[in-house]
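In terms of the working numbering, the sequence shown opens at residue 84 and continues consecutively. Glycine is no exception: its CB is placed at the ideal position from the N, C-alpha and C atoms.
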Amino acid sequence: MRIDYSTQLLYNLPRLIQSLQDRSIQLSSFHVQPTSNLPGGADPELCYALSELDCTVTGWSFWAGDLSDRILTPLRALHNVVTTLELHFGQASVTGPTSGLHRYLCESPHLLHLRAHRTAILIEAMDLHARGHIFHKGYWEGAKEKNRLAVDWDKFLSTVDFGQRKVWACRKLQTLHISVHSRTEPELESASRSRIVFGYLSRICPELQDLQISTSMQRFRNVSWVYPLLDLRLEGGMCLLTRIKHLRILKLGFVGRPMVCRARDLTWLLGAGITAGDQKEEEIKQQRAVRRSAVESWDAWLKAEQEDDVAWRTSNDCILWDLEDSTIEPGLEEGLREMGMLLDVKLRLDEMDSLTMNGSRCPWLPALRHISLYSSAESALSPKKEFYRLFPPSRFDLIRTRH
84 MRIDYSTQLL
94 YNLPRLIQSL
104 QDRSIQLSSF
114 HVQPTSNLPG
124 GADPELCYAL
134 SELDCTVTGW
144 SFWAGDLSDR
154 ILTPLRALHN
164 VVTTLELHFG
174 QASVTGPTSG
184 LHRYLCESPH
194 LLHLRAHRTA
204 ILIEAMDLHA
214 RGHIFHKGYW
224 EGAKEKNRLA
234 VDWDKFLSTV
244 DFGQRKVWAC
254 RKLQTLHISV
264 HSRTEPELES
274 ASRSRIVFGY
284 LSRICPELQD
294 LQISTSMQRF
304 RNVSWVYPLL
314 DLRLEGGMCL
324 LTRIKHLRIL
334 KLGFVGRPMV
344 CRARDLTWLL
354 GAGITAGDQK
364 EEEIKQQRAV
374 RRSAVESWDA
384 WLKAEQEDDV
394 AWRTSNDCIL
404 WDLEDSTIEP
414 GLEEGLREMG
424 MLLDVKLRLD
434 EMDSLTMNGS
444 RCPWLPALRH
454 ISLYSSAESA
464 LSPKKEFYRL
474 FPPSRFDLIR
484 TRH
């Protein structure tokens, strides 16, 4: 059912509700249009009115940038069987530490489809171990006894609600269209932030089929606006998404942007999708060798990371993730242990390489049909075509011979 509530004077809402009840009309979805005198566009009276109906609404669509309490409170009052949630807004909406959308995802196990292109979820809310702000190329920013770039702890603690570091309950989510952002500095585009996003989604939402992620513009040092990108280098952890077996569509970014990325970082894409079986054994070996060369160069980085993680987790500044605040099934806790660390990427690459060594032709992302990486093109390409769009064959051959 779709009603433009800005035209409420044209009908009597209580009478409409009574009419629906008298006719035993079962609503399956509801869309709330914006009202000029109501910021955020959702009228709580209308939502409360729906709660009076003897029906089960499984699809909700709001004109709003986030689920404010004016929307969230009545939405919670309904029996939680919502399978589809859509948020539409005229501009990008950056959510805060107490985002209503994040809270709702943590308590909505039946949700299958979330489309909120313009709503930016805080990466810190996904950062269960509070690692995103300390790891950058293996260095602990903020170590008291080391001469390294320090984090403004007062600012960091004031902008991050550690109580919101919870796990989404929508474990069977199939569609996710979302934006992400970070409120802490200095590393807006650090590899650790991207590892958190990719690691969180690949573990928490393993049933995803359609994943589309963008990043919102941010104010940098209160001086200029920047457009941070997800780190698609190997250390950025995009390969962690290979855990999602049923992924069909993957889009990162919705505008053409120059990426700091090398061919060796994305060779694993050539082993994804339905065309991966066409690869020759020699090509598979070459691609594996390129990845192994990169991983072998991480030894010092991994060692420093382990030391920094221990130092951070035992420091007075660290606020550990409280598992008692999250309802997770057995086994998931173990899978989340290395989330945000370069070690998580290495372990996954080891798994991928062991599969190719066993002669498998399509070991990961077998269902992937369309992928788009910061491309302005309307239609996405196959994994192989997207790789060669980024790295034309002649350029890739040159890079491959150097590694």
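Residue i in three-state terms, based on DSSP
i: residue 329; result: coil
i: residue 346; result: helix
i: residue 287; result: helix
i: residue 468; result: helix
i: residue 183; result: helix
i: residue 177; result: strand
i: residue 172; result: coil
i: residue 167; result: strand
i: residue 89; result: Bear in mind that the predicted position of residue 89 carries a pLDDT of just 49, short of 50, making it too unreliable to give a figure here.
i: residue 254; result: coil
i: residue 319; result: helix
i: residue 492; result: Given that the chain is displayed from residue 84 to residue 486, the structure contains no residue 492 and the question cannot be resolved.
i: residue 141; result: coil
i: residue 195; result: coil
i: residue 203; result: strand
i: residue 456; result: strand
i: residue 433; result: helix
i: residue 411; result: coil
i: residue 156; result: helix
i: residue 463; result: coil
i: residue 450; result: coil
i: residue 98; result: helix
i: residue 382; result: helix
i: residue 108; result: coil
i: residue 484; result: Residue placement at residue 484 is poorly supported in this model, since its pLDDT is 42, which falls under 50; the coordinates are not used for a value here.
Residue i and residue j closer than 8 Å at C-beta
i: residue 473; j: residue 355; result: no
i: residue 426; j: residue 378; result: no
i: residue 288; j: residue 253; result: yes
i: residue 200; j: residue 264; result: no
i: residue 419; j: residue 211; result: yes
i: residue 278; j: residue 320; result: yes
i: residue 203; j: residue 180; result: no
i: residue 196; j: residue 167; result: yes
i: residue 68; j: residue 300; result: The chain is shown from 84 up to 486; residue 68 falls before or after that span and cannot be answered.
i: residue 275; j: residue 215; result: yes
i: residue 324; j: residue 315; result: no
i: residue 273; j: residue 297; result: no
i: residue 172; j: residue 140; result: no
i: residue 375; j: residue 436; result: yes
i: residue 142; j: residue 111; result: yes
i: residue 424; j: residue 366; result: no
i: residue 249; j: residue 344; result: no
i: residue 422; j: residue 310; result: no
Residue i versus residue j: straight-line alpha-carbon distance, rounded
i: residue 257; j: residue 213; result: 27 Å
i: residue 471; j: residue 294; result: 21 Å
i: residue 447; j: residue 369; result: 17 Å
i: residue 373; j: residue 347; result: 6 Å
i: residue 280; j: residue 352; result: 19 Å
i: residue 191; j: residue 455; result: 29 Å
i: residue 163; j: residue 177; result: 26 Å
i: residue 160; j: residue 187; result: 12 Å
i: residue 290; j: residue 428; result: 20 Å
i: residue 317; j: residue 155; result: 38 Å
i: residue 193; j: residue 251; result: 11 Å
i: residue 227; j: residue 335; result: The predicted model places residue 227 with a pLDDT of 35, which falls under 50 and marks its position as unreliable; any figure quoted below should be read in that light. Answer to the nearest angstrom: the Cα atoms are 37 Å apart.
i: residue 434; j: residue 461; result: 33 Å
i: residue 183; j: residue 255; result: 20 Å
i: residue 449; j: residue 466; result: 11 Å
i: residue 394; j: residue 384; result: 15 Å
i: residue 411; j: residue 417; result: 11 Å
Residue burial classification, residue i (beta-carbon count within 10 angstroms, cutoff 16)
i: residue 150; result: buried
i: residue 413; result: exposed
i: residue 475; result: exposed
i: residue 392; result: buried
i: residue 146; result: buried
i: residue 266; result: buried
i: residue 463; result: buried
i: residue 153; result: buried
i: residue 119; result: Bear in mind that the predicted position of residue 119 carries a pLDDT of just 41, short of 50, making it too unreliable to give a figure here.
i: residue 430; result: exposed
i: residue 459; result: exposed
i: residue 98; result: exposed
i: residue 165; result: buried
Residue i: CB within 7 Å of a non-hydrogen atom of the ligand MN
i: residue 293; result: You won't find the ligand MN in this model; it holds no ligand whatsoever.
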